[in-house]
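Asks: Below is the structure I would like to discuss, written out as structure tokens.
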Amino acid sequence: IGKEKFHKSQHWGYCNNVAMLVGEDKPGIGGELLPGQKLKPKYSVFPEGMGSDAPAWVAFDKQVLSFDAYFEEEVPDKNQELYRIRHCKIYFYLEDDTIQVIEPQVKNSGITQGTIVRRHRIPLPPPHEDQFYTIDHFNINIDVILYARRYKIIDCDQFTKNFLRKMGVRLNPPAGRPDDPYTKERQKILDSMKPLRPYERIDTLKQFLEHNGHVLRFFCVWDDPESMFHDPRELVLHYYLSDDTIDIKEIIPVNSGRDAVPLFLRRDKLPKYAPTGLYQPGTITSRTVLNVFGKSVGNKGRYILDNRKTGAVHQEFYRDSDLKIGAVINVWGRKILLCDCDEFTKEYYRTKYGIEDFTPVPYKAPPPPKPEKTFPPYTGFGSEEDSLCSCMGLLPKPPQKDFKKFMEKDRSGMESNILRFLAKLVTDSPIDKDRKFIISYFLSDDTISVFEHIQRNTGILGGKFLERGRIKKPGQELFKSEPSEYFKAQNLFVGARVCFHGHNFLLVDADEYTFNYMEKHANEFSMADVGVILKKLKDIAEPRSREIRQVFAATDPEHTKVIEYDSFRNLIVSITDGAFSEHEIMTLGRYYGVRDEYEMDLHFLLAVAQEQLKKKSFENFEQLSAVLIYNDREKCGVLPHEMCRTICKSFKLPVADDDLQALLTMFEDDHKQVEYKKFVDGLNWRENQIPAFQTIKLPFKNEDDWSGQPPSIPVKMIKYLPLLDDLFGKEE
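So this is what it looks like as structure tokens:
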């Protein structure tokens, strides 16, 4: 029989022409199995579709099957128990078929617990010890033998169940979990036992965890009657919600003569009523104990906890419910008044106690009014601002400039932020009457410069008339303490009379940029606010509405619904009796006017724009097109008007803002969206050059070269019917 077993498990083979025994797993010639030979898999075999095509150690990395099991352990040397039930966990690692057995820790078990079998591949019990456990050996409600110890598998987790079902394993129903009889008997004994000595548990951990770092803060005052001057002492009380303790700090005023101490009251529980005398050490304790034996048994005592607390001294301490604004607390004989608290404290009392009244108690006399600082009058040396700074402190500092305003209103791209007006001298001199001046107001620093327009054969040298700088308003005292008033942008408008250093100017016109800027910022310039002008005109003309309608109708005998600007201006002057300035009339004309047709067709605009781009050598058309396409998120080929204008300004397109606005309007579709591809192709003078016109209808003006000569109102006809409807309502 031994020989038969030997021949079944082993057979002869040759290695390097030497006959030797080889294992039964070695196949025959050509890898074919020998008669009666069956190959047994060394590792778990997974069906197709389980995991990925990667190796098992990659596909099943960190995937573990978990089984609940127990085993019985004999206890031969103890009468109370014959055997012991020990529960454990069996982990099967799919990546390498290793197995680990762990016993969870049980309190007061007295048994070394934890890892019972370390992680490794475990061989099957004899007579198959040459093979290892695979996934096929595991199921619910079966026994497995690991190193001669029998483990009963009773259940597994949900992942293990799902995995075994996918493997085609039919799971057995879960088995019951037996209890250890000795542990069960001990638990009965413990439940029936009562403590022989009283036990009192004081647990403040929950309060600490919930309110650690939460502190209520009250502002208090203590009127010390024993002080020499009876001055109130300002205190700050902190109540710590984590352990109901209180500390108090004193606010020491400057130059008060008092010593600065770290704490007025150190942190501790504060009793409500101060005792008449101090208690001896050990009188006040959290627990009371009794000596059971006394002195009857030598000098040895036996102490137990007194659950009745005989002879204990009970004290009431201040809690958060006792603290509120207006309350007076006793701090070891000192009456302290709570006057106010911080926002966290208010929210705490509002949430917990529903208190809404947190009116502070006034405890300070109102501070005396600060004496008004008076400055000496201006001496005439240097600027007023510089002289004023020398009076502000011992170390003179230069006057601070409004840097934010400078950054916002400085020239940026095509935005000059300069208001230009055409002005004339108000004089009786026939020589000076015809002189023309350009007044430029710089919004970045409120400075003004004046240039005189050069005219031939007048005998007057034009050019710079007044250096750029701030100009004081006339009629102010020179040597005074108050700062002088200077001309602002709101003081300049068409029709205004201004006096610059003794020269009286009448502003008769402005450039297009000035009109557009003032209308765009109508909240700053009332002269360019159509709403304010209409309200002012309505208050004047509403009593004569019928008469005014007839006057406008008489001016338009052919019923064309439009009248000339000069006639419109004369009518407004006669209706308002000169109460309207020229700028207000021009604003109305611009709002209700019909734009002239000389605004040129598309080819003319493109020709002039290409000429300007060519002179400035602008060729970044591909980058401009790329940025426009990037901003077109929906890829519909159109962008809003203002977005296209902003992008063109970012490229510093050398085209005046008015011309750019007109060009963008030409390329708008029915929905007021700019077709940016056609717009860029039209500007591209390299690929789509448009020949310049031989005759130009009107000179194309640039705002930097404005001299006041072209008419600032590009309208000649006014639509008066919408004006009358806005003033008096639609006529029935």
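Using the UniProt record's numbering, read the sequence shown as starting at 1 and increasing by one per residue. We treat Cβ as the ideally placed atom computed from N, Cα and C, and that holds for glycine.
#1: If the criterion is Cβ atoms closer than 8 angstroms, does the pair Val-562 and Lys-719 meet it?
#2: DSSP state of Ile-438, grouped into three classes?
#3: Per DSSP, what kind of secondary structure is Cys-636 in: helix, strand or coil?
#4: Candidates His-314, Thr-288, Gln-315 and Val-313: which alpha carbon is nearest Tyr-303's?
#5: Let me know the beta strand (DSSP E) ranges lying completely inside the region 311-398, each 3 residues or longer, listed in chain order.
#6: Under the rule that 16 or more other beta-carbon atoms within 10 Å means buried, what is Glu-584, buried or exposed?
#7: From Asp-77, Glu-32, Leu-82 and Asp-96, pick the residue whose C-alpha is nearest to that of Pro-55; which is it?
#8: What does a CB cutoff of less than 8 angstroms around Gln-455 pick up in its chain, not counting 5 residues either side in sequence?
#9: At the level of alpha carbons, what is the spacing between Lys-5 and Pro-123?
#10: Relative to the alpha-carbon of Ala-260, which residue among Val-169, Lys-269, Tyr-273 and Glu-250 has its alpha-carbon at the smallest distance?
#11: Just to confirm, are Val-426 and Asn-504 a CB contact at a threshold of 8 angstroms?
#12: What separation, rounded to the nearest whole angstrom, lies between the Cα atoms of Ser-712 and Asp-657?
#13: What did DSSP end up calling Thr-115 once you bin it into helix, strand or coil?
#14: For the putative contact between Arg-470 and Asp-446, defined by C-beta atoms under 8 angstroms, what is the C-beta separation to the nearest angstrom?
#15: Please tell me whether Val-221 and Leu-337 are closer than 8 angstroms, where the distance is taken between their beta carbons.
#16: Which partner residues does Met-717 have in the DSSP bridge list?
#17: What is the DSSP secondary structure of Thr-514, counted as helix, strand or coil?
#18: Any idea what DSSP makes of Gln-469, helix, strand or coil?
#19: Under 6 angstroms Cβ to Cβ from Glu-599, same chain only, skipping five residues before and after it: list those, please.
#20: When the Cα atoms are used, what is the spatial distance from Val-524 to Tyr-517?
#21: Check each candidate in Leu-605, Glu-622 and Glu-210 and name the one with the smallest Cα separation from Glu-687.
#22: With H, G and I counted as helix, E and B as strand and the rest as coil, what does DSSP make of Tyr-182?
#23: Going by C-alpha distance, which of Ser-242, Ile-102 and Pro-173 is nearest Glu-210?
#24: Using DSSP's beta-bridge definition, name the partner residues of Lys-152.
#25: Quick one: residues in its chain with C-beta nearer than 6 angstroms to the C-beta of Leu-723, no 5 flanking neighbours on either side, listed in chain order?
#26: Going by DSSP in three states, Ser-449 sits in which element: helix, strand or coil?
#27: Do Phe-651 and Asn-620 count as a contact pair if the criterion is CB distance below 8 angstroms?
#28: Output needed for Gln-100: all residues of its chain with C-beta closer than 6 angstroms, excluding positions within five of it in sequence on either side, in chain order.
#29: Considering only residues of the same chain and omitting the five flanking positions on each side of Ile-460, which have a CB-CB separation below 8 angstroms?
#30: Which term fits residue 738, buried or exposed, when burial requires 16 or more other beta carbons within 10 angstroms of its beta carbon?
#31: From Cys-636 to Lys-677, what does the alpha carbon distance come to, in whole angstroms?
#32: Tell me, please, which residues DSSP counts as bridged to Gln-100.
#33: Determine the direct distance from the alpha carbon of Val-674 to that of Leu-639, and round the result to whole angstroms.
#34: Taking 8 angstroms as the cut-off, does the region 142-162 touch the region 56-73 (at least 3 CB pairs, one atom from each stretch)?
#35: Give the DSSP-derived three-state secondary structure of His-245 in the structure shown.
#36: Starting from Val-215, follow the beta strand (DSSP E) in both directions and report where the run begins and ends.
Replies: So, from the data block:
#1: Start at 1 with the first residue of the sequence shown, and residue 562 comes out as number 562. Start at 1 with the first residue of the sequence shown, and residue 719 comes out as number 719. Their beta carbons are under 8 angstroms apart, which means Val-562 touches Lys-719 by this criterion.
#2: As a working note, residue 438 is residue 438 in the sequence shown. It is a strand residue.
#3: Residue numbering aside, residue 636 sits at position 636 when the sequence shown is read from its first letter. Cys-636: coil per DSSP, three-state reduction.
#4: In the sequence shown, the residue the question calls residue 303 occupies position 303. Out of His-314, Thr-288, Gln-315 and Val-313, Thr-288 has the C-alpha closest to the C-alpha of Tyr-303.
#5: 328-331 and 334-341
#6: If you number the sequence shown from 1, residue 584 lands on position 584. Glu-584 is buried by the Cβ-count criterion.
#7: Position 55 of the sequence shown, counted from the first residue, corresponds to residue 55. If we check each option's Cα against that of Pro-55, Asp-96 comes out closest.
#8: The sequence position of residue 455 within the sequence shown is 455, counting from 1. Asp-434, Arg-435, Lys-436 and Gly-462, listed in sequence order.
#9: Locating residue 5 in the sequence shown gives position 5, counting from the first residue. Locating residue 123 in the sequence shown gives position 123, counting from the first residue. Caution applies to Lys-5, whose pLDDT of 39 falls short of 50 and renders its modelled position unreliable; the model cannot decide the point.
#10: Your numbering for residue 260 matches position 260 in the sequence shown. Comparing Cα positions, the closest option is Glu-250.
#11: For this step, residue 426 is matched to residue 426 along the sequence shown. For this step, residue 504 is matched to residue 504 along the sequence shown. Contact: yes.
#12: In the sequence shown, residue 712 corresponds to position 712, counting from 1. In the sequence shown, residue 657 corresponds to position 657, counting from 1. At Ser-712 the pLDDT is 49, less than 50, meaning the model places this residue with poor confidence; the figure from the coordinates comes in the next sentence. Ser-712 and Asp-657: Cα-Cα distance of roughly 15 angstroms.
#13: Your numbering for residue 115 matches position 115 in the sequence shown. DSSP places Thr-115 in strand when its eight states are reduced to three.
#14: One-based indexing of the sequence shown puts residue 470 at position 470. One-based indexing of the sequence shown puts residue 446 at position 446. Their Cβ separation, rounded to whole angstroms, is 6 angstroms, which keeps Arg-470 and Asp-446 in contact under 8 angstroms.
#15: Your numbering for residue 221 matches position 221 in the sequence shown. Your numbering for residue 337 matches position 337 in the sequence shown. It is a contact, given that the beta carbons lie within the stated cut-off.
#16: In the sequence shown, the residue the question calls residue 717 occupies position 717. Beta-bridge pairing links Met-717 to Glu-564 and Val-594.
#17: Counting from one through the sequence shown, the residue named residue 514 turns up at place 514. The answer is helix: DSSP assigns Thr-514 an H, G or I state.
#18: Here the question's residue 469 lines up with position 469 in the sequence shown. The identity of residue 469 in the sequence shown is Gly, whereas the question assumes Gln. Correct three-state label for Gly-469: strand.
#19: Working through the sequence shown from its first residue, we reach residue 599 at position 599. With a pLDDT of 43 at Glu-599, under the threshold of 50, the predicted position of this residue should be treated as unreliable, though the coordinate-derived value follows. Same-chain partners within the cutoff: there are none.
#20: If you number the sequence shown from 1, residue 524 lands on position 524. If you number the sequence shown from 1, residue 517 lands on position 517. First, the residue type needs correcting, since residue 524 is Glu and not Val in the sequence shown. Going by the C-alpha atoms only, they are around 10 angstroms apart.
#21: Within the sequence shown, numbered from 1, the residue matching residue 687 stands at position 687. If we check each option's Cα against that of Glu-687, Glu-622 comes out closest.
#22: Along the sequence shown, read from residue 1 onward, the residue named residue 182 stands at position 182. In this structure, Tyr-182 counts as helix in the three-state DSSP scheme.
#23: As a first step, residue 210 is located in the sequence shown; it is residue number 210 there, counting from the start. The residue with the shortest Cα to Cα distance from Glu-210 is Ser-242.
#24: If you number the sequence shown from 1, residue 152 lands on position 152. DSSP lists Tyr-70 and Asp-143 as partners of Lys-152.
#25: Within the sequence shown, the letter at position 723 stands for residue 723. Answer for Leu-723: Tyr-592, listed in chain order.
#26: Here residue 449 corresponds to residue number 449 of the sequence shown, with the count starting at 1. Three-state DSSP puts Ser-449 in a strand.
#27: The residue you call residue 620 lines up with position 620 of the sequence shown. The residue you call residue 651 lines up with position 651 of the sequence shown. Result yes, Cβ atoms of Asn-620 and Phe-651 sit closer than 8 angstroms.
#28: As a position in the sequence shown, residue 100 is number 100, starting the count at 1. Answer for Gln-100: Tyr-91 and Arg-119, listed in chain order.
#29: Indexing the sequence shown from 1 puts residue 460 at position 460. Result list for Ile-460: Ile-431, Arg-435 and Glu-452, in chain order.
#30: This structure leaves residue 738 out entirely; the chain is present only between 1 and 732.
#31: The sequence position of residue 636 within the sequence shown is 636, counting from 1. The sequence position of residue 677 within the sequence shown is 677, counting from 1. Cys-636 and Lys-677: Cα-Cα distance of roughly 11 angstroms.
#32: The count along the sequence shown starts at 1 and reaches residue 100 at position 100. BP columns for Gln-100 point to Tyr-91.
#33: Locating residue 639 in the sequence shown gives position 639, where the first residue counts as 1. Locating residue 674 in the sequence shown gives position 674, where the first residue counts as 1. So the two alpha carbons sit approximately 5 angstroms from each other.
#34: yes
#35: For this step, residue 245 is matched to residue 245 along the sequence shown. Residue identity check: residue 245 is Thr in the sequence provided, not His. Thr-245: strand per DSSP, three-state reduction.
#36: Translated into positions along the sequence shown, residue 215 becomes position 215. Note, Val-215: beta strand (DSSP E), 215-223.
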